Structures are given as C-alpha cells and as structure tokens.
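Novice: To start, I am sharing the structure in question, which I have written as structure tokens.
Number of protein chains: 2
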Amino acid sequence: MRPTPSTCRNRILSKVIPLFAEKGYNRVTMREAAVEAGITAGSFYHHFPGKQALYLAAVKRAFAGRARDIRAALAGDAPPAERLRNLIHRFCLQLSRDPVFTRLIHREILDGDQGRLQLVVDAVFRDVFADVMGLCRELAPDFDPFLLCMSIVSLTVHHYQIAGMRKFLPGNRPEHDNPDIVAAHIVRLLIEGIGPRRDGAGTESFQGDLPL
Amino acid sequence: MRPTPSTCRNRILSKVIPLFAEKGYNRVTMREAAVEAGITAGSFYHHFPGKQALYLAAVKRAFAGRARDIRAALAGDAPPAERLRNLIHRFCLQLSRDPVFTRLIHREILDGDQGRLQLVVDAVFRDVFADVMGLCRELAPDFDPFLLCMSIVSLTVHHYQIAGMRKFLPGNRPEHDNPDIVAAHIVRLLIEGIGPRRDGAGTESFQGDLPL
DNA sequence: GTCTATAACATGATAGAC
DNA sequence: GTCTATCATGTTATAGAC
Numbered sequence: 001m002r003p004t005p006s007t008c009r010n011r012i013l014s015k016v017i018p019l020f021a022e023k024g025y026n027r028v029t030m031r032e033a034a035v036e037a038g039i040t041a042g043s044f045y046h047h048f049p050g051k052q053a054l055y056l057a058a059v060k061r062a063f064a065g066r067a068r069d070i071r072a073a074l075a076g077d078a079p080p081a082e083r084l085r086n087l088i089h090r091f092c093l094q095l096s097r098d099p100v101f102t103r104l105i106h107r108e109i110l111d112g113d114q115g116r117l118q119l120v121v122d123a124v125f126r127d128v129f130a131d132v133m134g135l136c137r138e139l140a141p142d143f144d145p146f147l148l149c150m151s152i153v154s155l156t157v158h159h160y161q162i163a164g165m166r167k168f169l170p171g172n173r174p175e176h177d178n179p180d181i182v183a184a185h186i187v188r189l190l191i192e193g194i195g196p197r198r199d200g201a202g203t204e205s206f207q208g209d210l211p212l
Numbered sequence: 001m002r003p004t005p006s007t008c009r010n011r012i013l014s015k016v017i018p019l020f021a022e023k024g025y026n027r028v029t030m031r032e033a034a035v036e037a038g039i040t041a042g043s044f045y046h047h048f049p050g051k052q053a054l055y056l057a058a059v060k061r062a063f064a065g066r067a068r069d070i071r072a073a074l075a076g077d078a079p080p081a082e083r084l085r086n087l088i089h090r091f092c093l094q095l096s097r098d099p100v101f102t103r104l105i106h107r108e109i110l111d112g113d114q115g116r117l118q119l120v121v122d123a124v125f126r127d128v129f130a131d132v133m134g135l136c137r138e139l140a141p142d143f144d145p146f147l148l149c150m151s152i153v154s155l156t157v158h159h160y161q162i163a164g165m166r167k168f169l170p171g172n173r174p175e176h177d178n179p180d181i182v183a184a185h186i187v188r189l190l191i192e193g194i195g196p197r198r199d200g201a202g203t204e205s206f207q208g209d210l211p212l
C-alpha cells in the first residue's frame, strides 16, 4: 500500500529537524538533507517548494506538540498563579527532555536573517507568546506585560540553553538539571521575589542611591 | 614608558574578536584571521601557540573591561539589594551597548566542545560567577544560590541575546531595548516578584519607593 | 630582539573514477 | 563499494626586514 503523502512528509521532517538543529540553516545542503531522509535532492521539490519552505515546515513541526502542551497549561479557569505554575513546569519539562528544538531556535536567533526570523516568529511563536502575555496581564497588571513575558521565557529557556556551560561553573549540582526543581525555583522567584518579606520585621529595605 | 610590546597583540585581538563572534571558532580559519589582522597565517604563531590559545585570548580580552565593571558593582559595603541593582544596571548597559561579546558567548555555548567550554569558563566566567553567587547568598539565603545566580544571568543575557527575534513579537516597543528600563524591570521583578503584596497596600513600581 | 613572509608538512574531508 | 586525486586547514621551519 502506498504511503500517504503526509507520512512521507513526516518521515522527511523527522529526519531533517535534527540536522538543522545540529548545523543550522546555511550549513545544511539539500543533498545532505536528502541523504538523511533517504531520497534524492531533486525529490525534495516534490514535497516542498524550496529549502526555506522545508526549514519552516521543520521548525513548525518541531514546535507543534509543544505548543499544544503550552496552550493546555494556559487554558482553563484555574487561578492565574496556578496556570503560571503549570506553564513553567511543562516548559521546563520539554526543554530538559529534548534539547533539539531549543538548539534549533538558538541557532535561528544567531544565524537567521531578518526575513527568516520574521517567518519563524509568525509561524511558530507569535500566538503562544501572545497567550503568555495575556496571562501576564492577568497576573500582574502593574508590570509591562511584554517584559514580564520575556522574563518568563528567559528564565526557563536560557537555563537549559546554557546547560553545556553550566556544568563547569562552580556550585553546579546534578539536581540543577531536574525540571521539577528548576521549575519550582523559577515559580517561587517569580511569585515571591527575593526581597525582604513584607510581613517580616527587620526589613533593611532599599535606601541606596541610583548607580552611575 | 616602554613601548608596550603587546601593542600588536592587542591589534590582532581587536581584529579577531568580531570575526570569532560573527562565525564561531570552527568556521574561522587561521588564514582568514590573518588577513583580517593584516599578517599571514604563519606569523600568528609568534604571538600565540595555536588557534585555541588565540581564541581564548580573544574571549578573555573581550571580557576584560566588563569584568572590571561587574566587580566594581559587586564591591563596596552598600546594602546587598543596592549592589544587585548596580550589577544588573551595568550588565544591561554592557549587553545593549555592544553585542559582540554576547554573540561570542552565544556561539561558544552552541558550538563549543566540552574541552573548550571548560577552558572558557575557567578563564573568564568562573570567578565573576562565584562573586555573584556570593551576593545571592547574602541577599536571599533561603534560595539555592546557584539557581538564583543563573536566573539573574538568564534574565539579563537572554533578553539581549534574543533581541533579533524580539523585534517581531507582538507588543514589542523600542523602549524594550533601553537598558535603564530593562534593568529597572528585572530588578523590580527579582526583588518584589509578581505575587500579591502582602501588606495589601498600593502596587506602585519599585522605583517609586526609592528615595531618589 | 621582534615581527613577518614564504614554503612546506600532516591530516582530514570531499569528489570523482573505477 | 573502493581507490585516488584534490583541496582546505592547522601547524612548523626557516629566513628576511625593521
């Protein structure tokens, strides 16, 4: 029985995603990707109009499952703080489990030209980012929602992006890769902050001048 | 004063740093770097024992001025919260002013093999990281100092690392690149958190409570 | 002594012919 | 598939210019 076109597409994409993640868009040749996918370079153009379309489809697909998870964490009528907690736990779990997508985006940020960056954002991040920003508005109306959303992304993504370097920093321990521990830390930091407890007594609060 | 024999070393490094930042270690050849520095490939080996030493010297030098700044922000006997504030303001200022070093490290994280990562960490980050961790211990003894330190780095570094993509996200505004605004946001988030104020009073920004 | 150019070597990847 | 030519690249050796 002939394989359905979508399974063939899926097979190609699943082979090609790690390749893009490893080497980046520019350094992956269509010939190379073809070998990986088990077809010839020319056959690619039967499934995708060009290299960029192949790449976008790969990025989109790499994010598809994730986006469902994230959206699920954001939905529902739980209190906003609870939704935040769900979001960050799922996010950390995804990032720790499989670093390929993280690497893919890491590369895109570094090497992507403006046009492709815009395409990737529109195809993959725009809607999810807007959703998280909505949660931020609900959660902390007196914060700039864009900056707060960026901060949430930074706290989670960068911690795992930098994993390869983190190993060599003084004070690192194996549990710092554990998504439950990392997520709990981030949630607590976001909700409580590190400032002196306001119900506490001896608060040596800020009394300094501005720097510079 | 002696006519510093390292003048030409400095000249070489200043030419070579942007090259490594742009293309990464592996994709910069000694010949290419030589052309950029105005000498030939063989001549490099009078100044540096090899490519890796050249690279390490470049990374070290790119970080030298910064490390002084960071250390200055951490030193002194100001209250810890004010030192944190100084640290983050200077960090954001550096990151926004000149993206070359950010890019250099971004690349190293992505492409660096284990050996080189360890060398870079030992030569550049280890001590500064330990200092910031010291501040974290002082500031919030009930947090994991390593995770808190990572969070501080993530909040600042990642915001500027992702600048190229941030432009295309919904809700972005020019002021989100302004280091003063970004730093103020990060400091406030770290200190206060987004949770409900425990004294139930007003929710004005952190800056409003400062005696400026 | 300091810096540089030139040539050459060793290795690894790539491409093409058989 | 195998063998081989070719090329790119890190590196070394040597000698010349200031």
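Line by line, the protein sequences are chains A and B. Sequential numbering from 1 applies to the first sequence in my numbering. Sequential numbering from 1 applies to the second sequence in my numbering. Just so you know, even glycine gets a beta-carbon here, dropped at the ideal spot from N, CA and C. Only a predicted model underlies this, so the values are computations on that prediction, with no experimental measurement involved.
1. I'd like to check one pair, His106(A) with Gln161(A): are the Cβ atoms closer than 8 Å?
2. Could one say the Cβ of Met150(B) lies closer than 8 Å to chain A's Cβ atoms, at least one of them?
3. So, using beta-carbon positions, are Val59(A) and Val124(A) closer together than 8 Å?
4. Taking Leu87(A) as the reference, which of Pro49(A), Ala73(A) and Pro80(A) has the closest Cα?
5. Using 10 angstroms around the beta-carbon of Asp111(B), count the other beta-carbons present and answer buried if the total reaches 16, otherwise exposed.
6. Taking the alpha helix (DSSP H) that Arg97(B) belongs to, which residues open and close that run?
7. Quick test of your reading: Met165(A) and Leu117(B), contact by CB under 8 Å. State the CB separation rounded to the nearest angstrom.
8. Check the C-beta distance from Glu108(A) over to Val120(A) and give it rounded, since I have them as a contact under 8 Å.
9. Out of His158(A), Ala41(A) and Val182(A), state which residue places its alpha-carbon closest to the alpha-carbon of Thr29(A).
10. If you reduce the DSSP assignment to three classes, tell me which class Lys167(A) lands in.
11. Where does Glu175(B) land, buried or exposed, given buried means 16+ other C-beta within 10 angstroms?
12. Assuming Ser151(B) is part of the alpha helix (DSSP H), what are its boundary residues?
13. Answer with buried or exposed for His89(B), where buried requires no fewer than 16 other C-beta atoms within 10 angstroms of its C-beta.
14. Output needed for Ala183(A): all residues of its chain with C-beta closer than 7 Å, excluding positions within five of it in sequence on either side, in chain order.
15. Using the Cβ count rule (16 or more neighbours within 10 Å means buried), how would you classify Thr156(A)?
16. When burial is assigned at 16 or more other CB atoms within 10 Å of the CB, is Ser151(B) buried or exposed?
17. Of all Cβ atoms in chain A, is any one closer than 8 Å to the Cβ of Arg166(B)?
18. Can you grab the Cα-Cα spacing for the pair Phe48(B) / Ile39(A), in whole Å?
19. With 16 as the cutoff for other CB atoms within 10 Å, does Thr203(A) come out buried or exposed?
20. Looking at the structure shown, is Phe44(B) part of a helix, part of a strand, or coil, going by DSSP?
21. Would you say Asn172(A) lies against chain B (beta-carbon separation less than 8 Å)?
22. Are Leu147(B) and Pro80(B) closer than 8 Å when you measure CB to CB?
23. Expressed to the nearest angstrom, what Euclidean distance is found between the alpha-carbon atoms of Ser205(B) and Leu54(A)?
24. Indicate the three-state DSSP secondary structure (helix, strand or coil) for Ala62(B) in the structure shown.
25. Identify, in the order they occur along the chain, each residue of the same chain with its Cβ nearer than 6 Å to the Cβ of Ser154(A), setting aside the five sequence neighbours on each side.
26. Nearest-angstrom Cα distance between Gly65(B) and Arg71(B)?
27. Just curious, the alpha helix (DSSP H) that Asn10(B) is in, first and last residue?
28. Step through the CB atoms of chain A and report whether any lies within less than 8 Å of the CB of Val157(B).
29. To the nearest angstrom, report how far apart Gly115(A) and Ala57(A) are at their CA atoms.
30. Return the first residue and the last residue of the alpha helix (DSSP H) that His176(B) is part of.
31. Under 9 Å Cβ-Cβ, which residues of chain A neighbour Phe143(B)?
32. Please work out which residues of its chain come closer than 6 Å, Cβ to Cβ, to Asp177(B), disregarding the five sequence neighbours upstream and downstream, and give them in chain order.
33. What residues in the stretch 79-113 of chain A bring their beta carbon closer than 9 Å to a beta carbon of chain B?
34. I'd like the list of long-range same chain contacts for Gln94(B), defined as Cβ closer than 6 Å, with 5 residues on each side in sequence excluded.
35. In terms of alpha-carbon separation, which member of Tyr45(A), Glu32(A) and Leu139(A) lies closest to Arg9(A)?
36. Assign Glu22(A) to one of two classes, buried (16 or more other C-beta atoms within 10 Å of its C-beta) or exposed (fewer than that).
Specialist: The relevant details are as follows:
1. In the first sequence, counting from the first residue as 1, residue 161(A) sits at position 161. In the first sequence, counting from the first residue as 1, residue 106(A) sits at position 106. Yes. Within cutoff.
2. Stepping through the second sequence from its first residue, residue 150(B) is reached at position 150. Yes, because at least one Cβ of chain A sits closer than 8 Å to the Cβ of Met150(B).
3. Position 59 of the first sequence, counting from 1, holds the residue named residue 59(A). Position 124 of the first sequence, counting from 1, holds the residue named residue 124(A). Result yes, Cβ atoms of Val59(A) and Val124(A) sit closer than 8 Å.
4. On the first sequence, residue 87(A) is found 87 positions in, with the first residue counted as 1. Looking at the Cα atoms, Ala73(A) is the closest of the given residues.
5. Reading the second sequence from its first residue, position 111 is the one you call residue 111(B). By the neighbour-count rule (16 or more Cβ atoms within 10 Å), Asp111(B) is buried.
6. Sequence index remark: in the second sequence, residue 97(B) carries index 97 (1-based). Element bounds for Arg97(B): Pro80 to Arg97.
7. Position 165 of the first sequence, counted from the first residue, corresponds to residue 165(A). Position 117 of the second sequence, counted from the first residue, corresponds to residue 117(B). Contact flag correct, Cβ pair sits at about 6 Å.
8. Residue mapping note: residue 108(A) aligns to position 108 of the first sequence, counting from 1. Residue mapping note: residue 120(A) aligns to position 120 of the first sequence, counting from 1. With a Cβ gap of about 6 Å, Glu108(A) and Val120(A) count as contacting.
9. Stepping through the first sequence from its first residue, residue 29(A) is reached at position 29. Cα-wise, what sits closest to Thr29(A) is Ala41(A).
10. Locating residue 167(A) in the first sequence gives position 167, where the first residue counts as 1. Three-state DSSP puts Lys167(A) in coil, outside helix and strand.
11. The residue you call residue 175(B) lines up with position 175 of the second sequence. When all chains shown are included, Glu175(B) counts as exposed.
12. As a working mapping, residue 151(B) is identified with position 151 in the second sequence. Counting along the chain, the alpha helix (DSSP H) containing Ser151(B) begins and ends at Pro145 to Gln161.
13. The residue labelled residue 89(B) in the question sits at position 89 within the second sequence. Buried, since its Cβ has 16 or more Cβ neighbours within 10 Å.
14. Taking the first sequence and counting its residues from 1, one reaches residue 183(A) at position 183. The residues are Ile88, His89 and Cys92.
15. One-based indexing of the first sequence puts residue 156(A) at position 156. Buried, since its Cβ has 16 or more Cβ neighbours within 10 Å.
16. Looking up residue 151(B) in the second sequence gives position 151. Ser151(B) should be labelled buried.
17. Numbered from its first residue, the second sequence carries residue 166(B) at position 166. Interface residue, yes.
18. As a working mapping, residue 48(B) is identified with position 48 in the second sequence. As a working mapping, residue 39(A) is identified with position 39 in the first sequence. One C-alpha to the other measures close to 46 Å.
19. Taking the first residue of the first sequence as 1, we reach residue 203(A) at position 203. Because the pLDDT at Thr203(A) is just 40, under 50, the model does not fix this residue reliably, and the value given afterwards should be weighed accordingly. Exposed, because fewer than 16 other Cβ atoms sit within 10 Å of the Cβ of Thr203(A).
20. Stepping through the second sequence from its first residue, residue 44(B) is reached at position 44. DSSP places Phe44(B) in helix when its eight states are reduced to three.
21. If you number the first sequence from 1, residue 172(A) lands on position 172. Judged by the 8 Å Cβ criterion, Asn172(A) is in contact with chain B.
22. Taking the first residue of the second sequence as 1, we reach residue 147(B) at position 147. Taking the first residue of the second sequence as 1, we reach residue 80(B) at position 80. Taking 8 Å as the Cβ cut-off, Leu147(B) and Pro80(B) do not qualify as a contacting pair.
23. To locate residue 205(B), count along the second sequence from 1; it is residue 205. To locate residue 54(A), count along the first sequence from 1; it is residue 54. At Ser205(B) the pLDDT is 41, less than 50, meaning the model places this residue with poor confidence; the figure from the coordinates comes in the next sentence. If you take the alpha carbons of Ser205(B) and Leu54(A), they lie about 46 Å apart.
24. Counting from one through the second sequence, the residue named residue 62(B) turns up at place 62. In this structure, Ala62(B) counts as helix in the three-state DSSP scheme.
25. Sequence index remark: in the first sequence, residue 154(A) carries index 154 (1-based). Hits under 6 Å: none found.
26. Numbered from 1 along the second sequence, position 65 holds the residue referred to as residue 65(B). Numbered from 1 along the second sequence, position 71 holds the residue referred to as residue 71(B). Computed Cα separation, rounded: 10 Å.
27. One-based indexing of the second sequence puts residue 10(B) at position 10. Unbroken alpha helix (DSSP H) run through Asn10(B): Thr7 to Lys23.
28. On the second sequence, residue 157(B) is found 157 positions in, with the first residue counted as 1. Yes - at least one Cβ of chain A is within 8 Å of the one on Val157(B).
29. Taking the first sequence and counting its residues from 1, one reaches residue 115(A) at position 115. Taking the first sequence and counting its residues from 1, one reaches residue 57(A) at position 57. Computed Cα separation, rounded: 16 Å.
30. Reading the second sequence from its first residue, position 176 is the one you call residue 176(B). Note, His176(B): premise wrong, no alpha helix (DSSP H); not H, not E.
31. In the second sequence, the residue the question calls residue 143(B) occupies position 143. Near Phe143(B) (Cβ distances below 9 Å), the residues of chain A are His185, Arg188, Leu189 and Ile194.
32. In the second sequence, counting from the first residue as 1, residue 177(B) sits at position 177. No residues qualify anywhere along the chain.
33. Ala81, Leu84, Arg103, Ile105, His106, Arg107, Glu108, Ile109, Leu110 and Gly112
34. Taking the second sequence and counting its residues from 1, one reaches residue 94(B) at position 94. So the qualifying residues of the chain are Arg66.
35. Start at 1 with the first residue of the first sequence, and residue 9(A) comes out as number 9. Selected option, being the one with the closest Cα: Tyr45(A).
36. Working through the first sequence from its first residue, we reach residue 22(A) at position 22. Exposed, because fewer than 16 other Cβ atoms sit within 10 Å of the Cβ of Glu22(A).
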